[in-house]
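The sequence shown begins at 1 in full-length UniProt numbering and counts up one residue at a time. Backbone N, C-alpha and C define an ideal beta-carbon position, used for all residues, glycine too. The model shown is predicted, which means the values in this text are computed figures rather than measured ones.
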Amino acid sequence: MSHQPAHEVPNQFVECNGRRLAYRVIGEGRPLLLCVRFRGTMDSWDPLFLDALAEQGFKVHVFDYSGLGLSGGERSYDPARLARDALDLIGALGLQRVVLGGWSLGGIAAQLVFLQAPQLLSHLVLFGTTPPGELVRTGEALFYQLARRDNDFEDFVHLFFEPLSDDSRAAAARSAERIASRRQGQCPPVPYEWAGQQLGEGPRNPALPVPPLLDALKRTRIPVLHIGGSHDIVFPVESWHALSGVLPTLHLLTLPSSGHGPHLQYPQVCARYLATFVESEGAA
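Shown next, in the form of structure tokens:
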């Protein structure tokens, strides 16, 4: 490994628009910014996934949303506010032609960044998130139970993996161990009581009711990749499959016996696939 490992890179901070955003950088190369999931912090990314991306030639940026983790400011799960965090960080760090990624709620934020400032992006990469518009299948009630409580390993399996698969369970154990490997500068967890209050009672359809976003995705020349698990209890991947003939630049990768965190179960596969997608699909 030619770069400092993801679980050892230092925390960095930048002042922008009245609050201090915390971020980390792994590797050197093409700028890649990742927006994290609901109840996630920088520590929620699997270090092996980040290291594998760095080895593929990306300069990987992860960050904490305002008021969460190590970032200052007012906390909110309004997706527009999360998108503003990403836009402000891109501006503060002077990033250009960014490969923008987002996982779950972070994928919603990334799509709003794309809608507001497509000129900043070269590619859009989404993990386990929802498309805009009507969904052919909504999430499961189980997610809303798990998302409101302090989670143990069994919850981790049910949230992000496929609990009926022995291979997926084994991958969950490996990923959890890697995620826990940071020894210094850890992020405080997002308070689950507060986060649960932001959720609503159950799945909504559409989950992302922004008609201009769907129109923009239909017209864009920016390549879009969604990486999903075969059994995602939060945002079932079938809703992306339904758009495969509708969105002209959409690539779909659905990984077997996996859940809401396909890049936790298949970190190196996802990093290599992402790199191949970016290399082969140069945005016009």
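Selected residue, minimal CA-CA separation from Val-99, among Leu-82, Gln-116, Met-42 and Leu-126: In the sequence shown, counting from the first residue as 1, residue 99 sits at position 99. Closest in alpha carbon position to Val-99, among Leu-82, Gln-116, Met-42 and Leu-126, is Leu-126.
Can you list, in chain order, the residues of its chain whose CB lies under 6 angstroms from that of Phe-143, leaving out five sequence neighbours each side? Sequence index remark: in the sequence shown, residue 143 carries index 143 (1-based). Same-chain partners within the cutoff: Ile-233 and Val-234.
Out of curiosity, what's the CA-to-CA distance linking His-158 and Ser-230? One-based indexing of the sequence shown puts residue 158 at position 158. One-based indexing of the sequence shown puts residue 230 at position 230. Their Cα atoms are separated by approximately 13 angstroms.
Roughly how many angstroms separate the alpha carbons of Asp-51 and Ile-26, rounded to a whole number? Translated into the one-based positions of the sequence shown, residue 51 becomes position 51. Translated into the one-based positions of the sequence shown, residue 26 becomes position 26. Each residue's Cα considered, the two are about 7 angstroms apart.
If you measure between the beta carbons of Asp-78 and Leu-21, is that distance less than 9 angstroms? In the sequence shown, the residue the question calls residue 78 occupies position 78. In the sequence shown, the residue the question calls residue 21 occupies position 21. The answer is no: Cβ separation not under 9 angstroms.
Which residues in the same chain as Ser-44 place their Cβ atom closer than 6 angstroms to its Cβ, once the five residues preceding and following it in sequence are excluded? Here residue 44 is taken as the residue at index 44 of the sequence shown, counted from 1. For Ser-44, the CB contacts under 6 angstroms within the same chain, skipping 5 residues up- and downstream, are Val-36 in chain order.
Measure the CB-CB distance between Gly-228 and Trp-240 and report whether it falls below 9 angstroms. Counting from 1 along the sequence shown, the entry for residue 228 is found at position 228. Counting from 1 along the sequence shown, the entry for residue 240 is found at position 240. The answer is yes: Cβ separation under 9 angstroms.
DSSP beta-bridge partners of Leu-33: In the sequence shown, counting from the first residue as 1, residue 33 sits at position 33. Paired residues: His-61 and Leu-100.
Could you give the first and the last residue of the continuous alpha helix (DSSP H) run that contains Ser-168? Reading the sequence shown from its first residue, position 168 is the one you call residue 168. Segment 166-179, the alpha helix (DSSP H) holding Ser-168.
Can you give the Cα-Cα distance for Cys-270 and Gly-261, rounded to whole angstroms? Here the question's residue 270 lines up with position 270 in the sequence shown. Here the question's residue 261 lines up with position 261 in the sequence shown. Rounded to whole angstroms, Cys-270 to Gly-261 spans 11 angstroms at the Cα level.
For Leu-247, which residues from the same chain have a beta carbon less than 7 angstroms from its beta carbon, with the 5 sequence-adjacent residues on both sides left out? Working through the sequence shown from its first residue, we reach residue 247 at position 247. The residues are Leu-217, Lys-218 and Val-224.
Which term fits Asp-167, buried or exposed, when burial requires 16 or more other beta carbons within 10 angstroms of its beta carbon? On the sequence shown, residue 167 is found 167 positions in, with the first residue counted as 1. That one is exposed.
Counting only runs of 3+ residues fully inside the segment 106-134, write out the beta strand (DSSP E) ranges in chain order. DSSP assignment within the segment 106-134 yields the following whole beta strand (DSSP E) runs of 3 residues or more, N-terminal first: 121-127.
Residue burial classification, Ala-173 (beta-carbon count within 10 angstroms, cutoff 16): Indexing the sequence shown from 1 puts residue 173 at position 173. That one is exposed.
Could you tell me whether the Cβ atoms of Val-62 and Leu-34 are closer together than 9 angstroms? Within the sequence shown, numbered from 1, the residue matching residue 62 stands at position 62. Within the sequence shown, numbered from 1, the residue matching residue 34 stands at position 34. Yes; because the gap between Cβ atoms is below 9 angstroms, this pair is in contact.
The segment 194-211 contacting the segment 131-139, beta-carbon criterion three pairs below 8 angstroms: yes
State buried or exposed for Gln-145, treating a residue as buried only when at least 16 other CB atoms are found within 10 Å of its CB. What you label residue 145 is simply residue 145 of the sequence shown in a count that begins at 1. Classification of Gln-145: exposed, given that the 10 Å Cβ count is below 16.
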